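Asker:
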Amino acid sequence: MACLLAGLAACFAVQSFLIRRTGGRTTKSESNYFSSIARLQSGIRGAPQVMFLGSSITGRLPDRSRGFNGVANLGCDGGSAMETLRAMDAGIIPRAPYLIIEGNTFYRAVGAEETDVAKAMHKPWFRRGVALPNLSAAGRPSSMAYTLLMERKMGASSPDIEPFPVITQPTLSPRPQPTSKAEDALLEEAVGILRRLTTAGSKITLIMFPPGAEPSSPNRRLPEELARRAGLPFWDLANAVPPGMVRFTDGVHMDPPSATAAVRTIFKATGYPSALSPE
Numbered sequence: 010m011a012c013l014l015a016g017l018a019a020c021f022a023v024q025s026f027l028i029r030r031t032g033g034r035t036t037k038s039e040s041n042y043f044s045s046i047a048r049l050q051s052g053i054r055g056a057p058q059v060m061f062l063g064s065s066i067t068g069r070l071p072d073r074s075r076g077f078n079g080v081a082n083l084g085c086d087g088g089s090a091m092e093t094l095r096a097m098d099a100g101i102i103p104r105a106p107y108l109i110i111e112g113n114t115f116y117r118a119v120g121a122e123e124t125d126v127a128k129a130m131h132k133p134w135f136r137r138g139v140a141l142p143n144l145s146a147a148g149r150p151s152s153m154a155y156t157l158l159m160e161r162k163m164g165a166s167s168p169d170i171e172p173f174p175v176i177t178q179p180t181l182s183p184r185p186q187p188t189s190k191a192e193d194a195l196l197e198e199a200v201g202i203l204r205r206l207t208t209a210g211s212k213i214t215l216i217m218f219p220p221g222a223e224p225s226s227p228n229r230r231l232p233e234e235l236a237r238r239a240g241l242p243f244w245d246l247a248n249a250v251p252p253g254m255v256r257f258t259d260g261v262h263m264d265p266p267s268a269t270a271a272v273r274t275i276f277k278a279t280g281y282p283s284a285l286s287p288e
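Start counting the sequence shown at 10; every next residue gets the next number (the numbering used here).
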């Protein structure tokens, strides 16, 4: 029995060391589901000042686990910001003073059923993983191993990377965009949530991240129309960055240096507090 307990203690010690080594969250797990849960559990832990909401495009952005003080990444692989916005509106997850919403995949929520990730946020085990990192999705050996291998292959984020040289910034009153009835239903729900979060004290900005989208596509139309109806700043960062400066791992997701430069660019353009600069 003593040997069993000693072995168990050793395993927890190794796990705790690896959790600290990965900064408390895994960059990418072996599945979209566990990647998203790991980000959410570690992201809402403590009291972050800034939250990035979106899909796996957001999920590649660095946060406080990668040197950006006060920043949490709530990207949901294969999903959109609506999953976390709904949970935030319901009080399931906390809101932050500053919310940056990825517009690229907002269209995925049109007529969509509740995702497995959204359902998971209601479960008791999800809350236990927030309170106890060793019981979180980021504490799974496979998740930690996958993260370390991915960072060895692609490199890790470095917070001292310079922002992109852009001359535009988030602006109010985007142009009106054509929408369908199904899109209008989603927009009405989202506008209500964003107005309630704004009234509660959150400052919100909607941003199109690289690689962006065609102007006529729902990827671009819906977030721009959402910003207009909600009276929030909108920014097409994808088109603001000079051509050829953003590098991708697969044509969709920014590599670590580009993702870091994107975060630095956003903070510079939005004028968020200097306390959110890299540690």
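For glycine and all other residues, C-beta sits at the position ideal for the given N, C-alpha and C.
Model, not experiment: these values are computed from the prediction.
Can the beta-carbon of R237 be found less than 8 Å from the beta-carbon of S182?
Answerer: In the sequence shown, counting from the first residue as 1, residue 237 sits at position 228. In the sequence shown, counting from the first residue as 1, residue 182 sits at position 173. Against a cut-off of 8 Å, the Cβ pair of S182 and R237 comes out as a contact.
Asker: By a C-beta neighbour count over all protein chains shown, 10 Å radius and 16 as the cutoff for buried, is V261 buried or exposed?
Answerer: Counted from its first residue, the sequence shown places residue 261 at position 252. Its Cβ having fewer than 16 others within 10 Å, V261 is exposed.
Asker: How many angstroms separate the CA atom of P187 from the CA atom of A96?
Answerer: On the sequence shown, position 178 is the one that residue 187 refers to. On the sequence shown, position 87 is the one that residue 96 refers to. About 28 Å.
Asker: Does the distance from the C-beta atom of A81 to that of V59 stay below 8 Å?
Answerer: As a working note, residue 81 is residue 72 in the sequence shown. As a working note, residue 59 is residue 50 in the sequence shown. Their beta carbons are under 8 Å apart, which means A81 touches V59 by this criterion.
Asker: Beta-carbon separation of T93 and P179 under 8 Å?
Answerer: Residue 93 sits at position 84 when you count from the first residue of the sequence shown. Residue 179 sits at position 170 when you count from the first residue of the sequence shown. No, the pair does not count as a contact, with Cβ atoms beyond the cut-off.
Asker: Enumerate in chain order the residues of its own chain whose CB-to-CB distance from G63 is below 6 Å, with the five nearest sequence positions on each side excluded.
Answerer: For the purposes of this step, residue 63 is taken as the residue at position 54 of the sequence shown. If we look at G63 and ignore the five residues flanking it on each side, its Cβ neighbours are G84, A90, E111.
Asker: Tell me which same chain residues have a C-beta within less than 7 Å of the C-beta of G221, skipping the five on either side of it?
Answerer: Position 212 of the sequence shown, counted from the start, is the residue given in the question as residue 221. So the list reads D245, A247, N248, once near-sequence residues are dropped.
Asker: Quick one: residues in its chain with C-beta nearer than 7 Å to the C-beta of L14, no 5 flanking neighbours on either side, listed in chain order?
Answerer: Along the sequence shown, one-based indexing puts residue 14 at 5. Interpretation of L14 is limited by its pLDDT of 42, a score under 50 that renders its predicted location unreliable; the figure taken from the coordinates is listed afterwards. Contacts found: none.
Asker: Curious, which full-length beta strand (DSSP E) runs of at least 3 residues does the segment 80 to 131 contain?
Answerer: If we require 3 residues or more, the beta strand (DSSP E) runs fully inside the segment 80 to 131 come out as 80 to 84, 107 to 111.
Asker: Classify I176: buried if its beta carbon has 16 or more other beta carbons within 10 angstroms, exposed otherwise.
Answerer: The count along the sequence shown starts at 1 and reaches residue 176 at position 167. Exposed, because fewer than 16 other Cβ atoms sit within 10 Å of the Cβ of I176.
Asker: Within its chain, find whatever has a CB closer than 7 Å to the CB of D86; leave out the 5 residues flanking it on each side and keep chain order.
Answerer: For the purposes of this step, residue 86 is identified with residue 77 of the sequence shown, where counting begins at 1. The answer, listed in chain order, is N41, S44, S45, S64, S65, G68.
Asker: From G210, E171, R137, G120, pick the residue whose C-alpha is nearest to that of E197; which is it?
Answerer: For the purposes of this step, residue 197 is identified with residue 188 of the sequence shown, where counting begins at 1. When only C-alpha atoms are compared, the closest one is G120.
Asker: Starting from V272, trace the alpha helix (DSSP H) in both directions and tell me its first and last residue.
Answerer: In the sequence shown, residue 272 corresponds to position 263, counting from 1. Residues 265 to 279.
Asker: Does DSSP put I66 in a helix, a strand or coil?
Answerer: Within the sequence shown, the letter at position 57 stands for residue 66. I66 falls in the helix class under three-state DSSP.
Asker: Does the beta-carbon of P265 have 16 or more other beta-carbons within 10 angstroms, so that it is buried, or is it exposed?
Answerer: As a working note, residue 265 is residue 256 in the sequence shown. That one is buried.
Asker: Whole angstroms are fine: how far does the CA of S211 sit from the CA of R104?
Answerer: In the sequence shown, counting from the first residue as 1, residue 104 sits at position 95. In the sequence shown, counting from the first residue as 1, residue 211 sits at position 202. Their Cα atoms are separated by approximately 7 Å.
Asker: State the Cα-Cα distance for the pair F61 and L108, rounded to the nearest angstrom.
Answerer: Taking the first residue of the sequence shown as position 1, residue 61 is located at position 52. Taking the first residue of the sequence shown as position 1, residue 108 is located at position 99. When rounded, the distance between both Cα atoms is 6 Å.
Asker: Measure from the alpha carbon of F218 to the alpha carbon of each residue in I102, E192, A191, V272, then state which is nearest.
Answerer: For the purposes of this step, residue 218 is taken as the residue at position 209 of the sequence shown. The shortest Cα separation from F218 among I102, E192, A191, V272 belongs to V272.
Asker: Identify the residues that DSSP records as bridge partners of D245: which are they?
Answerer: On the sequence shown, residue 245 is found 236 positions in, with the first residue counted as 1. Bridge partners of D245: M217.
Asker: Can you grab the Cα-Cα spacing for the pair A146 / R48, in whole Å?
Answerer: Residue mapping note: residue 146 aligns to position 137 of the sequence shown, counting from 1. Residue mapping note: residue 48 aligns to position 39 of the sequence shown, counting from 1. C-alpha separation (whole angstroms): 8 Å.
Asker: Measure the C-alpha to C-alpha separation of M254 and S267 and round it to an integer number of angstroms.
Answerer: Along the sequence shown, read from residue 1 onward, the residue named residue 254 stands at position 245. Along the sequence shown, read from residue 1 onward, the residue named residue 267 stands at position 258. About 8 Å.
Asker: Please go through the same chain and pick out, in chain order, the residues whose beta-carbon is closer than 7 Å to the beta-carbon of G138, but skip the five residues on each side of it.
Answerer: Taking the first residue of the sequence shown as position 1, residue 138 is located at position 129. Q50, L144, S145, A146.
Asker: If you draw a straight line from the C-alpha of F276 to the C-alpha of E233, how long is it?
Answerer: As a working note, residue 276 is residue 267 in the sequence shown. As a working note, residue 233 is residue 224 in the sequence shown. Straight-line Cα distance between these residues: approximately 20 Å.
Asker: How is the alpha helix (DSSP H) around R204 delimited, first residue to last?
Answerer: One-based indexing of the sequence shown puts residue 204 at position 195. Here the alpha helix (DSSP H) through R204 covers 190 to 208.
Asker: Less than 8 Å separating the beta-carbons of H131 and I102?
Answerer: Against the sequence shown, residue 131 aligns to sequence position 122. Against the sequence shown, residue 102 aligns to sequence position 93. No; because the gap between Cβ atoms is not below 8 Å, this pair is not in contact.
Asker: For F257, does the three-state DSSP call read helix, strand or coil?
Answerer: Here residue 257 is taken as the residue at index 248 of the sequence shown, counted from 1. If DSSP states are grouped into helix, strand and coil, F257 belongs with the strands.
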